[in-house]
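In our numbering, the protein residues as written are 516 to 884.
This report refers to the structure that appears directly beneath it.
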């Protein structure tokens, strides 16, 4: 059943759902947001971007099984299997056990079981029809982490505000509860003079807080699209873990184990979503990151790969996967020239766009061709 649903989801899932699908990652979701934003701003110095980071209250627990079954039938799923799924999700007994004490049983008829392998698949299919209705807006999803992206031109925010209103209505119709207090808006605006104030954003009569940075999928995105805050957080976290590396060396652990610990506990922190932010990092931030690697080298007594090398390697690997996957949302960015050997470069007026992932990836491809 899981394989059948996965096959169905690949064909029917929202174009911009980046979770629970092969060859999709947090890097892809963040890169899509950044590339759309940077390209829009680069095309006209009067453009800006509004990003709404949606927070749901227990999204998986609010799925309405009868609505899910109806959507699965519309997607072409076998009616017998839909009935089985409906039966699986309804009439589920639940108790709480603490030591020798057990609570009274209650019956659940909403939501999907936590920890069940089917639940993520079912949630993605349940939300497959939550899509943008305007060309200047997008709804990007990674599981229940949802972002409404509004590309604003000439101060016309009509489409963006309408998209937020339609998303609110969709949530009400489908039983999903928006947590407005945790929903935040970030505005990326590099215009020297703002011609008029931004239209305040309200959801169900409650104002949405505007923030200067937001942690999305483990990465701090700031309104100026710089990465110093995020990198400093990573460096501090990695430095704390160097203590454990030193302790392991005191216990005379072998260099091989020290290197394994470094890869799993320190390098993984320094390189989280590295293809997204490293290209646009300042030289000072890159040096701060590399200093952690150098300290780890001295402690472990082993040669460790530089972050620059890791960045280039992961860029090439990720690019190759996108090019091979015709269903990937960013596949169209990589266009071969008539020669069939090189890819069409992306034009960029600003360093912000030029040093971002997709322009960098194409330059790497052409350099190696």
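For every residue, glycine included, the Cβ atom is placed at its ideal position computed from N, Cα and C.
Check: For residue 835, the nearest candidate out of 858, 814, 819 (CA to CA); Outcome: 858
Check: Reduced DSSP secondary structure (H/G/I, E/B, other) of residue 608; Outcome: strand
Check: Exposed unless 16 or more other CB atoms sit within 10 angstroms - verdict on residue 766; Outcome: exposed
Check: Where residue 539 sits in the DSSP three-state scheme; Outcome: coil
Check: Residue from 669, 639, 675 with nearest C-alpha to residue 650; Outcome: 675
Check: Burial state of residue 771, where buried means 16 or more other Cβ atoms lie within 10 Å; Outcome: exposed
Check: The segment 837-848 touching the segment 704-718, judged by at least three CB pairs closer than 8 Å; Outcome: no
Check: Residue(s) in a DSSP beta bridge with residue 621; Outcome: 609
Check: Residue 822 versus 813, 852, 782, residue with shortest Cα-Cα distance; Outcome: 782
Check: Cβ-based burial, residue 700 [other Cβ within 10 Å; buried from 16]; Outcome: buried
Check: Distance CB(residue 679)-CB(residue 567) smaller than 8 Å; Outcome: yes
Check: Distance, residue 535 Cα to residue 635 Cα; Outcome: 7 Å
Check: Nearest residue (CA-CA) to residue 826, options 785, 551, 696; Outcome: 785
Check: Span separating the alpha-carbon of residue 642 from that of residue 738; Outcome: 28 Å
Check: Assumed close pair residue 562, residue 666 - CB separation to whole angstroms, cut-off 8 Å; Outcome: 7 Å
Check: Distance between residue 540 and residue 625 (C-alpha atoms, nearest Å); Outcome: 29 Å
Check: Distance between beta carbons of residue 547 and residue 845, contact taken as under 8 Å; Outcome: 7 Å
Check: Residues of its chain near residue 727, where Cβ-Cβ distance is below 6 Å and the 5 sequence neighbours each way are ignored; Outcome: 738
Check: Buried or exposed (CB count within 10 angstroms, at least 16 for buried), residue 724; Outcome: exposed
Check: Beta-carbon contacts of residue 685 that lie in its chain and below 7 Å, excluding the five residues immediately before and after; Outcome: 645
Check: CB contact flag (residue 815, residue 774, <8 Å); Outcome: yes
Check: Cβ-based burial, residue 537 [other Cβ within 10 Å; buried from 16]; Outcome: exposed
Check: Stretch pair the segment 591-607 + the segment 682-698: three plus CB contacts closer than 8 Å; Outcome: no
Check: Residue 661 versus residue 768 - alpha carbon distance; Outcome: 44 Å
Check: Residues near residue 588 by beta carbon distance below 7 Å, same chain, minus five either side; Outcome: 594, 597
Check: Boundaries of the beta strand (DSSP E) in which residue 700 is found, first to last residue; Outcome: 699-703
Check: Cβ separation of residue 718 and residue 638, assumed to be a contact under 8 Å, to the nearest whole Å; Outcome: Their Cβ separation, rounded to whole angstroms, is 21 Å, which puts residue 718 and residue 638 out of contact at 8 Å.
Check: DSSP beta-bridge partners of residue 735; Outcome: 730
Check: Range covered by the beta strand (DSSP E) that runs through residue 653; Outcome: 652-657
Check: Euclidean distance between Cα positions of residue 586 and residue 789; Outcome: 37 Å
Check: Residue 716 versus residue 570 - alpha carbon distance; Outcome: 15 Å
Check: Minimum Cβ-Cβ distance from residue 659 to chain D less than 8 Å; Outcome: The displayed structure is made up of one protein chain only, and chain D is not part of it.
Check: Residue 671 - partner residues in DSSP beta bridges; Outcome: 668
Check: Range covered by the alpha helix (DSSP H) that runs through residue 565; Outcome: Note, residue 565: premise wrong, no alpha helix (DSSP H); beta strand (DSSP E) at 563-569.
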